[in-house]
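Counting from 104, one number per residue, gives the positions in the sequence shown under my numbering.
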Amino acid sequence: MRIGLYPGTFDPVTNGHLDIIGRAVKLVDRLVIGVAVNIGKGPLFSLDERVEMVRRETAHLTQIAEIEVRPFDSLLMHFAREVGAQMIVRGLRAVADFEYEFQMTAMNQQLDREIETVFLMADPRHQAIASRLVKEIAALGGDVHKFVPPGVAEQLLGKLAK
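This is how it looks when you write it as C-alpha cells:
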C-alpha cells in the first residue's frame with residue numbers, strides 16, 4: 104500500500120491546499136493529512152476546528168483514495184514513520200517556497216532516507232494563495248470566496264466577526 108503524508112497547518116485550508124490534495128490522492132492508496140499544532144504561527148482556528156475543516160472539505164475525495172486527517176505535534180519525520188508514509192507530499196507555489204522546501208527536504212533525508220519527498224507544483228490559479236494572506240484579506244473586509252471553499256469562507260468570516 105502506498106501511503107503519503109501531506110502536512111500543514113491549514114489555518115484555514117485553501118483552494119490551493121485542496122488542489123494539492125486532489126492530485127496527491129491519485130499518487131497513493133492512502134493519504135494522511137497531518138494537521139500541525141504549530142502554536143508558533145498563532146493559528147486563528149483551533150486544532151480541532153482545522154482538523155474538522157480539512158475532513159469536511161476532503162470527504163468527496165475518499166472515493167479516489169483512503170484519506171485520514173490527523174493532528175500532530177511531533178517532528179515531521181517521526182509522524183511520517185508513525186503513519187507508515189513512504190512519501191511526504193509538498194506543494195510549491197513560487198521560488199521562495201522551493202528554497203525553503205529544498206532545505207527541509209535535505210534535513211529530512213538526513214533523518215530518514217527511506218521516506219521520499221514529492222513536490223507538486225501549484226496550479227497557476229492558486230499560486231498566490233496563502234492562508235496568511237486569506238486571513239488578512241478577510242480581516243480587512245475583502246472577499247475570500249475565490250481562495251477558499253464556501254464553507255471555509257463562512258467559517259472564517261464568522262470567526263473574525265467575534
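C-beta atoms are modelled at their ideal positions from N, C-alpha and C, and glycine is treated no differently.
Values in this document were obtained by computation on a predicted structure and should not be read as measured data.
Classification of Y203 by the beta-carbon crowding that lies within 10 angstroms, buried from 16 upward: exposed
Contact check, P115 vs R153, beta carbons under 9 Å: yes
How would you call K249, buried or exposed, if buried means at least 16 neighbouring beta carbons within 10 angstroms? exposed
Starting from P253, follow the alpha helix (DSSP H) in both directions and report where the run begins and ends. P253 to A264
Note down the Cα distance separating V221 from L195, rounded to an integer number of angstroms. V221 and L195: Cα-Cα distance of roughly 10 Å.
Runs of 4 residues minimum, wholly inside the segment 192-222: which ones carry the alpha helix (DSSP H) assignment? 198-214
Does the distance from the C-beta atom of E171 to that of I136 stay below 9 Å? yes
Tell me, please, which residues DSSP counts as bridged to I170. As DSSP reads the structure, I170 sits in a beta bridge with L134.
May I ask you to report which of helix, strand or coil DSSP gives A139? strand
How would you call T165, buried or exposed, if buried means at least 16 neighbouring beta carbons within 10 angstroms? exposed
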